[in-house]
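Data first, discussion second: the structure below is written as structure tokens.
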Amino acid sequence: MAPAHGGNPLRQALWPLGLLYGAVAAVRNWAFDRRLRAVHRLPVPVVSVGNLTVGGTGKTPTVAWLCQLAHASGKRPGVLARGYGRAPGALLNDEGMMLQRRLPWLLQEQDPDRVAAGARLCGKGADFVVLDDGFQHRRLHRDRDLVCVDVTAPFGNGLCLPAGDLREFRSGLGRADLVLLTRAGTMAPELLEERRAAVARLAERARGVFACEHMPSTFLRSSDGAEVPLGMVAQQPCVLLSAIARPASFRASMQRLGARIVAEFAHRDHHRFTPADVEAAAASARHAGAWLVVTEKDESKLTAMPVERHVLRIDLQFLGPAPTAADVLP
232 MAPAHGGNPL RQALWPLGLL YGAVAAVRNW AFDRRLRAVH RLPVPVVSVG
282 NLTVGGTGKT PTVAWLCQLA HASGKRPGVL ARGYGRAPGA LLNDEGMMLQ
332 RRLPWLLQEQ DPDRVAAGAR LCGKGADFVV LDDGFQHRRL HRDRDLVCVD
382 VTAPFGNGLC LPAGDLREFR SGLGRADLVL LTRAGTMAPE LLEERRAAVA
432 RLAERARGVF ACEHMPSTFL RSSDGAEVPL GMVAQQPCVL LSAIARPASF
482 RASMQRLGAR IVAEFAHRDH HRFTPADVEA AAASARHAGA WLVVTEKDES
532 KLTAMPVERH VLRIDLQFLG PAPTAADVLP
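For the sequence shown, our numbering assigns the number 232 to the initial residue and increments by one for each residue that follows.
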């Protein structure tokens, strides 16, 4: 039986294509599970961080948390990513530059051929590899699959691309070794527990299903790098500038901190800011006597821009029990 489409004619038309997409993904996974397709191993442990849906589920803060956990355990972690949205000639995309600024000791390689890039990463000295956005990248063996699920919309409309947001059928969660329910901070406890139970039934082999939130931790002032306490933004007029997958999430975070949003300049994800883009937002902030606020991911593209701004730093915080090093480090 076809899933409900809410009366949307486009979804009704695309539903067969979504079913075909999911079926192809399922056959591909079946082939990898039975080693009918080659799986390449690196000489070090590999943990994949990924998701079932397109769009932002908070993978980058999760990657940062995992690398910090590995580093604290005495490992030399490296991140292996495809490098989507990377500027021509650049070694790293926005997320990679953000990670490098936050974790100067981190090793990174970005290349669509993650098997070859993984070998280079090991050659640099990495003894633990995080495969970013790797749940569907089955060519590379991983010792753990960590899956991020946005608890506010775990499976989108329940349909696969192009009719919905799923990259594969939701049954793919059965491959997960660990599930993080992201954006759980504002959800009613009863609904959160209901969704946790539903995800746990699909992720039957997982070591645990953990609720977490991507919480603001501080502001960084661009002029001198000083940390500004979150409480300073209460009732402060702010202009937001972003180029992320979910600008509404950025806005909601600022509103929860008590900021007064007077203008917002939201560009598509991975947009390369031009001087005109930045000046338009900065002029709006000057006119309103407001802070210009950007995300930490976007700050990596603004280092050469001579405008005063505040950078909102986001960290992963667990609600209740948190995974231990033994849960996630092979």
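Quick reminder that beta carbons are idealized off the backbone N, C-alpha and C, glycines included.
Original post:
Counting along the chain, where does the beta strand (DSSP E) carrying Gln562 start and finish?
Top reply: Residue numbering for the chain in the displayed model covers 232 to 561; residue 562 lies beyond these limits and cannot be assessed.
Original post:
Would Asp376 be called buried (16 or more neighbouring beta carbons within 10 Å of its own) or exposed?
Top reply: For the purposes of this step, residue 376 is taken as the residue at position 145 of the sequence shown. Asp376 should be labelled buried.
Original post:
Does the Cβ-Cβ distance between Gln341 and Ala301 come in under 7 Å?
Top reply: On the sequence shown, residue 341 is found 110 positions in, with the first residue counted as 1. On the sequence shown, residue 301 is found 70 positions in, with the first residue counted as 1. Remark: C-beta atoms of Gln341 and Ala301 do not approach each other more closely than 7 Å.
**OP:** Quick one: grab the DSSP three-state call for Trp522.
**Re:** Numbered from 1 along the sequence shown, position 291 holds the residue referred to as residue 522. DSSP places Trp522 in strand when its eight states are reduced to three.
Original post:
Which partner residues of Leu248 appear in the DSSP bridge assignment?
Top reply: As a working mapping, residue 248 is identified with position 17 in the sequence shown. The partner list for Leu248 (beta bridge, DSSP) is empty, contrary to what the question assumes.
Original post:
Opposite Ser473 in the DSSP bridges: which residues?
Top reply: Counting from 1 along the sequence shown, the entry for residue 473 is found at position 242. Ser473 is bridged to Ala497.
Original post:
Do Leu251 and Pro393 have their CB atoms nearer than 7 Å?
Top reply: What you label residue 251 is simply residue 20 of the sequence shown in a count that begins at 1. What you label residue 393 is simply residue 162 of the sequence shown in a count that begins at 1. Taking 7 Å as the cut-off, the Cβ atoms of Leu251 and Pro393 do not count as close.
Original post:
Which class does Met446 belong to by DSSP, given the choice of helix, strand or coil?
Top reply: By one-based count along the sequence shown, residue 446 stands at place 215. If DSSP states are grouped into helix, strand and coil, Met446 belongs with the strands.
**OP:** Starting from Glu425, trace the alpha helix (DSSP H) both ways and give me its first and last residue.
**Re:** Stepping through the sequence shown from its first residue, residue 425 is reached at position 194. Glu425 -> alpha helix (DSSP H) spans 420-433.
Subject >> DSSP state of Thr413 mapped onto helix, strand, coil >> reply: Position 182 of the sequence shown holds residue 413. Residue state, collapsed to three classes: strand.
Subject >> Three-pair Cβ contact test at 8 Å for the segment 325-343 versus the segment 367-374 >> reply: At 8 Å Cβ cutoff, the stretches do not touch.
**OP:** Determine, using beta carbons only, whether Asp358 and Lys306 come nearer to each other than 7 Å.
**Re:** As a working note, residue 358 is residue 127 in the sequence shown. As a working note, residue 306 is residue 75 in the sequence shown. Judged by their CB atoms, Asp358 and Lys306 are nearer to each other than the 7 Å cut-off.
Subject >> Continuous beta strand (DSSP E) stretch holding Gln341: start and end >> reply: By 1-based counting over the sequence shown, the position of residue 341 is 110. Segment 338-341, the beta strand (DSSP E) holding Gln341.
**OP:** Alpha carbon to alpha carbon, how far is Ala507 from Pro234? Give it in angstroms, no decimals.
**Re:** Your numbering for residue 234 matches position 3 in the sequence shown. Your numbering for residue 507 matches position 276 in the sequence shown. Residue confidence is low: Pro234 scores 45 on pLDDT, short of 50, so the model does not pin down where it sits. Its coordinate-derived value is still stated next. Our two residues, Pro234 and Ala507, have alpha carbons roughly 45 Å apart in a direct line.
Subject >> Nonlocal neighbours in the same chain, by C-beta distance under 6 Å from Val464, ignoring five residues either side >> reply: What you label residue 464 is simply residue 233 of the sequence shown in a count that begins at 1. Leaving aside the five residues that flank Val464 on each side, the residues in its chain whose CB is nearer than 6 Å to its CB run, in chain order, Leu488, Ala490.
**OP:** Kindly provide the ranges of any beta strand (DSSP E) runs that are 3 or more residues long and lie completely inside the segment 326-407, ordered along the chain.
**Re:** When DSSP assignments are scanned along the segment 326-407, the uninterrupted stretches of beta strand (DSSP E) that are 3 or more residues long and fall wholly within it turn out to be 338-341, 359-363, 375-381.
Original post:
What is the rounded straight-line gap between the Cα of Val493 and the Cα of Ala254?
Top reply: Locating residue 493 in the sequence shown gives position 262, where the first residue counts as 1. Locating residue 254 in the sequence shown gives position 23, where the first residue counts as 1. In this structure, the straight-line span from the alpha carbon of Val493 to that of Ala254 is close to 46 Å.
**OP:** Report, in whole angstroms, the separation of the C-beta atoms of Ala278 and Val361, which I expect to be a contact under 8 Å.
**Re:** As a position in the sequence shown, residue 278 is number 47, starting the count at 1. As a position in the sequence shown, residue 361 is number 130, starting the count at 1. Per the sequence shown, the amino acid found at residue 278 is Val instead of Ala. The pair is a contact, with the Cβ atoms about 6 Å apart (cut-off 8 Å).
Subject >> Alpha carbon of Thr505 to alpha carbon of Thr526, nearest angstrom >> reply: Position 274 of the sequence shown, counted from the first residue, corresponds to residue 505. Position 295 of the sequence shown, counted from the first residue, corresponds to residue 526. Taking the Cα positions, Thr505 is about 16 Å away from Thr526.
Original post:
Looking only at C-alpha atoms, which of Val542, Ala415, Leu547, Ala557 sits nearest to Arg562?
Top reply: Missing from the structure shown is residue 562; the chain here goes from 232 to 561 and no further.
**OP:** Compare the beta carbon distance of Ala415 and Leu409 with 7 Å and say whether it is the shorter of the two.
**Re:** Within the sequence shown, the letter at position 184 stands for residue 415. Within the sequence shown, the letter at position 178 stands for residue 409. Taking a C-beta distance under 7 Å as the contact criterion, Ala415 and Leu409 do not qualify as a contact pair.
**OP:** Label Asn239 either buried or exposed according to how many other C-beta atoms from any shown protein chain fall within 10 Å of its C-beta, with 16 as the threshold for buried.
**Re:** Taking the first residue of the sequence shown as position 1, residue 239 is located at position 8. Under this definition Asn239 is an exposed residue.
Original post:
Taking DSSP as the reference, what is the three-state secondary structure of Asp455?
Top reply: Start at 1 with the first residue of the sequence shown, and residue 455 comes out as number 224. Of the three classes helix, strand and coil, the one that applies to Asp455 here is coil, per DSSP.
Original post:
Just curious, the beta strand (DSSP E) that Ala312 is in, first and last residue?
Top reply: Within the sequence shown, residue 312 is the residue found at index 81, counting from 1. Annotation: the continuous beta strand (DSSP E) that includes Ala312 extends over 308-312.
Subject >> Distance, Leu471 Cα to His498 Cα >> reply: Taking the first residue of the sequence shown as position 1, residue 498 is located at position 267. Taking the first residue of the sequence shown as position 1, residue 471 is located at position 240. Distance between the alpha carbons of His498 and Leu471 is about 11 Å.
Original post:
In terms of residue numbering, what span does the beta strand (DSSP E) encompassing Phe549 cover?
Top reply: On the sequence shown, residue 549 is found 318 positions in, with the first residue counted as 1. For Phe549, the enclosing beta strand (DSSP E) begins and ends at 541-549.
Original post:
Which residue comes first and which comes last in the beta strand (DSSP E) that contains Ser279?
Top reply: Indexing the sequence shown from 1 puts residue 279 at position 48. From DSSP, the beta strand (DSSP E) with Ser279 extends over 277-282.
Subject >> Cα-Cα separation, Ala419 to Glu425 >> reply: Mapped onto the sequence shown, residue 419 falls at position 188. Mapped onto the sequence shown, residue 425 falls at position 194. Their Cα atoms are separated by approximately 10 Å.
Original post:
I think Ala442 touches Gly551, with their Cβ atoms under 8 Å apart; what is that distance to the nearest whole Å?
Top reply: Here residue 442 refers to the residue found at position 211 when the sequence shown is read from its first residue. Here residue 551 refers to the residue found at position 320 when the sequence shown is read from its first residue. With a Cβ gap of about 6 Å, Ala442 and Gly551 count as contacting.
Original post:
How is Arg259 classed by DSSP in three states: helix, strand or coil?
Top reply: Taking the sequence shown and counting its residues from 1, one reaches residue 259 at position 28. For Arg259, the three-state secondary structure derived from DSSP is helix.
**OP:** Flag this pair as yes or no: are the beta carbons of Leu352 and Gly309 separated by less than 7 Å?
**Re:** In the sequence shown, residue 352 corresponds to position 121, counting from 1. In the sequence shown, residue 309 corresponds to position 78, counting from 1. Yes, these two residues count as a Cβ contact at 7 Å.
Subject >> Check whether Arg398 and Gln367 have beta carbons under 7 Å apart >> reply: Your numbering for residue 398 matches position 167 in the sequence shown. Your numbering for residue 367 matches position 136 in the sequence shown. Between Arg398 and Gln367, the CB-CB gap stays under 7 Å.
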